[in-house]
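Each protein sequence line maps, in turn, to chains A and B. Residues in the first sequence are numbered consecutively from 0, following numbering that gives the first Met the number 0. Residues in the second sequence are numbered consecutively from 0, following numbering that gives the first Met the number 0. For glycine and all other residues, C-beta sits at the position ideal for the given N, C-alpha and C. Note that the coordinates shown come from a computational prediction; the quantities given were computed from them, not determined experimentally. Contents: one structure, followed by commentary.
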Amino acid sequence: MSSLATITTQVAEAAAPLDGRHPVAGLLERVRAGREFGPNVYSTLDVLWVLYDRVLRIAPATVDDPDRDRFLLSKGHAVAGYYAVLAAKGFIPPDWLDDQGGPDSRLGDHPDRTLVPGVEIGSGSLGHGLGLAVGSALGLRAQGLLDPRVYVLLGDAELDEGSNHEAIAYAGAVGLANLTAIVVDNSSATYGWPGGVATRFTVNGWTAATVDGHDQDALHTALTGHHGHRPHVVVAVVNNGEQA
Amino acid sequence: MNELSTVAELSMRDCFVDTTTALLAESPRTALVLADISAASFASAAVRHPDRLINVGIREQLMLGVAGGLALTGLRPIVHSYAPFLVERAYEQIKLDLDHQAASAVLVSVGASFDRAESGRTHFSPADVALFDTLSDWTVHVPGHPAEVSGLLRATVAADTSAYLRLSTLGNARPYADAGELVVVRDAGPGAALLVAVGPMLDAALAAAADLPVTVAYTHRPRPFDVAGLRALAGTEVILVEPYLAGTSARVVSAALADRPHRLLALGVGRDELRRYGSAEDHLRWHGLDPAGLRRSLTGFLTPAMASI
């Protein structure tokens, strides 16, 4: 294993925005290794970066701290950007990115919390993250841990899974105020969400903000815009097929 | 026996409610997750422990997801509903929200295979224990008497592994403590066939085997099955009598005795959907699990030539 100092140096080099691209573009290229990425990889990148760079109170040294914020990636296929951001922030060595999906790799096409430091849940089958997030938020509150916040990232197509609607209705009904859901809306749900994704949450008592999913300042404002006694949802709208 | 006579009038479900209520008061780590079923029985506990007694409404997927999340933050969740809704409806949540997360919980069901016979197929769950056999490292308790419930539940909650308690309105006349390992209830001597009765099936099995050369052993913990006890007691003929899907433990017994020539008769609930109501006792009879039906199966197995006469 590399020492933390070595990793930090590697990260600084690997993550340097040499040509004005995204801060993790170089790391993402190492994960991509010549493969074609679907739009879902790029649609989540700005949200992930803003969360880890500006919002979440979590660091490589605090991945087991009961008082840390939790980030749960529910749409587990959006993993390339996730691994790149975890590497950029020092949770995993950048070397791990070069063999992603290999027989000896800890980095699958869906993340496994028991294999990857900093990963809070194993995901891949859609519709599991929000329920786990509700349970995590309840568990923290029951133990008097009132500072940590639970963030969970979903996709608009993932909302097709009915399990999400069990969680949305319940969290709203009980005013689960330490929960933030982020829905990356790249219009990929087969039948769409007439009236908008946010209405599914607000009708159940959540507060909501719908923003441009590539506008990092707007994302930051929305992701920190929770207040009072309700769960909060941020709908990050991106254009399908766009590769930011 | 005073304690046992006191609880004899309580159902397994009553004992579950009482013990869980006590555990919520005793340990700040204990949490209970419900999906409306039995919520009224926990109404006073819910007032005392509003943060750890969580009723999510009729939402079984969320019930298991919440349990997984609670466990990830360090709590010890107990999850409870009717067996088909707890185990079958939310099976993927058990697989992924608990096991795949390396999180554990205690699942406690009521209803069993056909306790509410008049409710029909939707409330039957003969396949529940077989489903846990598709996962790894689950402990399964199937108590045969209300007085066995509290001790099993307390020990299970105190451990940190995942476990399933299958409660039933059916049961035996007397409880057996510490019957995780096989307990010999009737010893027919050397060379006798071994009958293993699980949970509520013991009394019917004893009646069926009354004057037959059959040693009867009892367990209320089919998983992990007491393999060492089985090898010590078994000769060449083994009979399983289980209150859930017939053959559920055949795999375990066959593996345990793979190095010995043996014959195995695995009795339990059949796979056919009967589309009949009636009582649980009626269903026991229709599945051949009443004393008369068991006896027919036993004599046919032990004396094949006689059975055809």
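- Item | Near-chain A residues of the stretch 94-109 of chain B - C-beta to any C-beta below 7 angstroms | L95, D96, H99, Q100, A101
- Message: Could you check whether G171/A and W192/A sit closer than 7 angstroms to each other, using their CB atoms as the reference points?
- Response: no
- Task: Give the straight-line distance between the Cα atoms of E28/A and G117/A, rounded to the nearest whole angstrom.
- Result: Approximately 21 angstroms between the Cα atoms of the pair.
- Query: If you draw a straight line from the alpha carbon of P93/A to that of F123/B, how long is it in whole angstroms?
  - Reply: For the pair P93/A and F123/B, the Cα-to-Cα distance works out to about 52 angstroms.
- Of the residues G227/A, A221/A, V183/A, T209/A, the one placed nearest S73/A, counting alpha carbons only: V183/A
- Determine the burial state of S149/B: buried for a count of at least 16 other Cβ atoms within 10 Å of its Cβ, exposed for fewer. By the neighbour-count rule (16 or more Cβ atoms within 10 Å), S149/B is buried.
- Item | Under 9 angstroms by beta carbon: chain B residues contacting A132/A | G64, G68
- So which residues on chain A does V78/B lean against when the C-beta distance must stay under 8 angstroms? By Cβ distance, chain A contributes nothing, its closest Cβ being about 11 angstroms from V78/B, past 8 angstroms.
- Task: Report the three-state DSSP secondary structure of L9/B (helix, strand or coil).
- Result: DSSP places L9/B in coil when its eight states are reduced to three.
- Message: Let me see if you follow: with CB-CB separation under 7 angstroms, is R47/B close to chain A or not?
- Response: no
- Query: Would DSSP call A45/B helix, strand or coil?
  - Reply: helix
- Alpha carbon to alpha carbon, what distance is there between G119/B and A192/B? As the crow flies, the alpha-carbon of A192/B is around 36 angstroms from that of G119/B.
- Message: How far does the alpha helix (DSSP H) with P290/B in it extend, from its first residue to its last?
- Response: Element bounds for P290/B: 290-301.
- Pick helix, strand or coil for W253/B, following the three-state DSSP scheme. The sequence as given places Ser at residue 253/B; Trp does not occur at that position. Three-state DSSP puts S253/B in a helix.
- Query: Taking DSSP as the reference, what is the three-state secondary structure of G154/A?
  - Reply: strand
- Message: Per DSSP, what are the beta-bridge partners of H140/B in this structure?
- Response: L164/B
- Task: Go ahead and pull the three-state DSSP assignment for T18/B.
- Result: helix
- Query: At a CB-CB cut-off below 7 angstroms, which residues of chain A make contact with T317/B?
  - Reply: Only positions 0 to 308 of chain B appear in this structure, which leaves residue 317/B out of reach.
- Message: Just to make sure I have the definition right: I need the residues of chain C whose C-beta is within less than 7 angstroms of the C-beta of E165/A. Which are they?
- Response: No chain C appears in this structure, whose protein chains are A and B.
- Item | Pair within 7 angstroms by beta-carbon distance, T20/B and L152/B | no
- Keeping to the same chain, check which residues put their C-beta closer than 7 angstroms to that of G292/B; ignore five residues upstream and five downstream. R284
- Message: Let me check understanding here. Comparing Cα to Cα, which of A77/A, D214/A, H219/A lies closest to L55/A?
- Response: H219/A
- Item | From P145/B, A34/B, L211/B, V141/B, residue whose alpha carbon lies closest to that of E180/B | V141/B
- Message: Less than 7 angstroms between the beta carbons of A245/B and G277/B, yes or no?
- Response: no
- For D186/B, the nearest candidate out of T160/B, P174/B, F84/B, V215/B (CA to CA): V215/B
- Message: Beta-carbon within less than 7 angstroms of P244/A's beta-carbon, same chain only, minus the 5 sequence neighbours each way: which residues are those?
- Response: Nothing can be reported for residue 244/A, as the shown portion of chain A is limited to 0 through 243.
- Item | For V236/A and L17/A, the rounded distance between their alpha carbons | At L17/A the pLDDT is 46, less than 50, meaning the model places this residue with poor confidence; the figure from the coordinates comes in the next sentence. So the two alpha carbons sit approximately 27 angstroms from each other.
- Task: State buried or exposed for D114/B, treating a residue as buried only when at least 16 other CB atoms are found within 10 Å of its CB.
- Result: buried
- Beta-carbon contacts of L139/A that lie in its chain and below 6 angstroms, excluding the five residues immediately before and after: P147, listed in sequence order.
- Backbone CA spacing between L85/A and A24/A [nearest angstrom]: 13 angstroms
- Give me whichever residues DSSP pairs with L178/A in a beta bridge. Beta-bridge pairing links L178/A to V149/A.
- CB-CB length for V46/A against L152/A, believed under 8 angstroms: 7 angstroms
- Task: Indicate the three-state DSSP secondary structure (helix, strand or coil) for G267/B in the structure shown.
- Result: strand
- Query: Any heavy atom of the ligand MG within a distance shorter than 6 angstroms of the CB on T223/A?
  - Reply: Within the structure as shown, the ligand MG is missing, as the structure has no ligands at all.
- Item | chain B contacts made by the stretch 37-67 of chain A, where a contact means CB separation under 9 angstroms | P65
- Query: Among residues of its own chain, excluding the 5 on either side of D225/B, which ones have a beta-carbon nearer than 8 angstroms to its beta-carbon?
  - Reply: G179, E180, L181, T218
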